[in-house]
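In order, the protein sequence lines correspond to chains A and B.
Take the first sequence: its letters are residues 1 to 266, numbered as in the numbering used here.
Take the second sequence: its letters are residues 1 to 298, numbered as in the numbering used here.
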Amino acid sequence: MDRTARILLRLATALVLLFIYVPLGLVILYAFNSSGTSAWPPAGFTTQWVEDAILNTGLRQAFLTSIAAALGASSIALVLGTLAAFAVARHHFFGRETISFVVIFPIALPGIVTGMALSTTFATTGLPLGLFAIMVGHATFCIVLVYNNVIARLRRTARSLEEASADLGADTWQTFRHVTFPTIRTALIAGFLLAFALSFDEVIVTLFTAGGLKTLPIWIFESFRLARQVSLVNVAGMVAILLSVIPVLIASRLTSGAGGVTGARG
Amino acid sequence: MTSTTQQPVAGSARRAAAWLDHHARVRLGLLLAGPVGWLVVAYLGSLVVLFVNSLWTRDAFTGLVIRELTPDNFLDMVSNPLYRNVTLRTVGMAIVVTLTCAVIAFPIAYYMARVASPRVRGLLTVAVLMPLWASYLVKAYTWRLILSNDGVLNWLLAPLGLRGPGLGESVVGLWLVFTYLWLPYMILPLYAGLERIPASLLEASSDLGGKGWTTFRRVIFPLVVPALVAGSIFTFSLTLGDYIAPSLITTTQFIGNLIYLNFGVPDLPFAAALSLVPLVIVVLYLLVARRLGAFEAL
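Written out as structure tokens, the structure is:
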């Protein structure tokens, strides 16, 4: 490739990165903007809004609700995703291919369809919306994240390790505890963190299942219309960005940047 | 937990494990019961409930749902030009956003796959991956700040005597926002697709006299079509079902807005009927994508 083409490609790459990062940087900048409005350029630096955000009961409550929902949903997803991964990786059975498809389905469909489906089901069966409904919804599309990570790890790990363990006299339980579990441990943590990150900032399905309960994204969604809240929304937005990005960075370290992270989300 | 309480637990777990070791079918049944129960019975079941709901109606006076099967909702949808226009507008937006993402993603994906050193490649992958996960709502919301009257964009354009699309009826702003939101979903599969092309093919093309453009058109492009389609599944499907970004950025309505609006009325049966529109379009899209080999490139 000639020099000009290289320079042009480098330039295009830099421009795309700017396009991606400038808006994210703006949220953080606005969180410390003393004017408290959306007017550009910022008037000055202040930590006033961070203090206000910490003292705001509604915002704090929403934050805790989001943490609870994300912990519940990613725990369910951790169990179900791991079970499905073991079934598909270690067994041959009729409909095995279908499992991988069914696991991806909830995330391949537009969120609004999943949201409507769950909401009408809860309404039709008379079950109440709220925290439990949110967890059910989130867990459904988070299963794939755990499943992808665990199955990738199981496929990469040679079965001979487990056979060697059995040959050396270990029973099934010992083999699981000392051989299988240690090899998949980081994949489990990575899957859990990704599920947490996805659940924590999900809003499309959540609005259909929350039934009036406010998660952090719902609080942000409802508050941005109120002019007085703009500064608080920016602080909440900064928190939402950090709490979705940090788990993903840790997860991608644990899986050394393997494909599982990109795979699927929406 | 102390060792005295741990022993019996480990003991019974050991006995259970040994027993299961000899009963592979039972083991498989236990592994599958949870996930299959959840995804097939609960999730696919709820899609069936959605479909059944779309055939019910809501009594205009009492607001209660009448549980009798009727095609009324669908007849309403077909006869009212509003729904046709909104559907066409939404699909049009999804197509335009997908094409824009593909054009913007190509140079950076190509740079990552074929020019950058392994170290830079790793850094760029994380740099693209991280914003993909950063809070969707906040990413959409920052564009409200950027596009607002006294926001950054108008401040940048003012010296040139221009103005941004604003937050009114124009859908240009939303087109920008969707492109921004889904761009990483296109870059990553495209990068993976470009990286898989053997360098020898490109050398062969240039040895045979293929200039840069010819090599791109005749060799590179046909080979990355599956990756492009894989990326487009995300850009297309995510645009089609979104109602948050449209409600933040423009006053013009998209199919998601209408579903959410009817959900809030609440007219669940009609909202259910409307939500079958993106469902059917995405399923058709997935079928075409599978024929083009996109599932292997995911």
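All residues carry an ideal CB built from backbone N, CA and C; glycine is no exception.
| Check | Outcome |
| --- | --- |
| Within chain A, the residues that aspartate 72 (chain B) reaches when beta carbons sit closer than 7 Å | Simply none; closest approach about 17 Å. |
| Residue-chain proximity (aspartate 167 (chain A), chain B), Cβ-Cβ < 8 Å | no |
| Assigned secondary structure, leucine 224 (chain A) (DSSP; H/G/I helix, E/B strand, else coil) | The sequence shown places phenylalanine at residue 224 (chain A), rather than the leucine named in the question. In the structure shown, phenylalanine 224 (chain A) sits in coil (DSSP, three-state: anything other than H, G, I, E or B). |
| Contact list for the region 8-26 of chain A against chain B, Cβ threshold 8 Å | Leu8, Leu9, Arg10, Ala12, Thr13, Val16, Leu17, Phe19, Ile20, Tyr21, Pro23, Leu24 and Leu26 |
| Secondary structure of isoleucine 66 (chain B), DSSP reduced to three states | strand |
| Endpoints, alpha helix (DSSP H) assigned at glycine 256 (chain B) | 255-264 |
| Spatially closest choice to proline 41 (chain A) from B:Ala227, B:Leu156 and B:Leu276, by CA coordinates | B:Leu156 |
| Rounded distance between the beta-carbons of valine 65 (chain B) and proline 269 (chain B), thought under 8 Å | 6 Å |
| Beta-carbon contacts of threonine 124 (chain A) that lie in its chain and below 7 Å, excluding the five residues immediately before and after | none |
| C-beta neighbour in chain A for phenylalanine 221 (chain B), strict 8 Å | no |
| Residue closest to threonine 57 (chain B), alpha-carbon to alpha-carbon, out of B:Val48, B:Leu47, B:Leu145 and B:Asn73 | B:Asn73 |
| Of the listed residues A:Thr121, A:Val50 and A:Thr37, nearest to arginine 144 (chain B) (C-alpha basis) | A:Thr37 |
| Closer than 7 Å at the beta carbon, the chain B residues around leucine 109 (chain A) | Leu279 and Val282 |
| Between the CA atoms of isoleucine 204 (chain A) and arginine 239 (chain B) - distance to the nearest angstrom | The question names arginine, but residue 239 (chain B) in the sequence shown is threonine. Using only the alpha carbons, I get a separation of about 12 Å. |
| Inter-residue spacing [alpha-carbon to alpha-carbon] between proline 307 (chain B) and aspartate 21 (chain B) | Because chain B is modelled from 1 through 298, residue 307 (chain B) falls outside the range shown and cannot be assessed. |
| Check whether alanine 116 (chain B) and leucine 124 (chain B) have beta carbons under 8 Å apart | yes |
| Residue interval of the alpha helix (DSSP H) (run including leucine 248 (chain B)) | 244-249 |
| contact_flag[the region 4-16 of chain A, the region 98-111 of chain B] where n(CB pairs < 8 Å) is 3 or more | yes |
| Residues of the region 147-174 of chain B with Cβ closer than 9 Å to any Cβ of chain A, in chain order | Ser148, Asn149, Asp150, Gly151, Val152, Leu153, Asn154, Trp155 and Leu156 |
| C-beta contact flag for valine 288 (chain B) and serine 237 (chain B) at 8 Å | no |
| Chain-ordered neighbours of isoleucine 108 (chain B) on chain A, where CB pairs are closer than 7 Å | Ala12, Thr13 and Val16 |
| Amino acids of chain B, ordered along the chain, whose beta-carbon sits closer than 8 Å to that of serine 231 (chain A) | Residues of chain B passing the Cβ test: none, with the nearest at roughly 11 Å. |
| Where serine 252 (chain A) meets chain D, residues with beta-carbon distance less than 7 Å | Of the protein chains in the structure, A and B, none is chain D. |
| Cβ-based neighbour list, valine 88 (chain A), same chain, cut-off 7 Å, excluding 5 preceding and 5 following | Arg96, Ile99, Ser100 and Ile151 |
| One or two residues paired with arginine 58 (chain B) in a DSSP bridge | B:Val65 |
| Run of the alpha helix (DSSP H) containing leucine 8 (chain A), from where it starts to where it stops | 3-31 |
| Cβ of phenylalanine 86 (chain A) within 8 Å of any chain B Cβ | yes |
| Residues near valine 224 (chain B) by beta carbon distance below 7 Å, same chain, minus five either side | Leu190, Gly193 and Leu194 |
| Neighbour flag for serine 223 (chain A) against chain B, beta carbons, 8 Å | no |
| Cα-Cα separation between threonine 142 (chain B) and valine 22 (chain A), rounded to whole angstroms | 10 Å |
| Beta carbon of leucine 292 (chain B) nearer than 8 Å to that of valine 229 (chain B) | yes |
| Touch test, the region 72-87 of chain A against the region 147-166 of chain A, Cβ-Cβ under 8 Å, three pairs minimum | yes |
| Cβ pair leucine 129 (chain A), glycine 211 (chain A) closer than 8 Å | yes |
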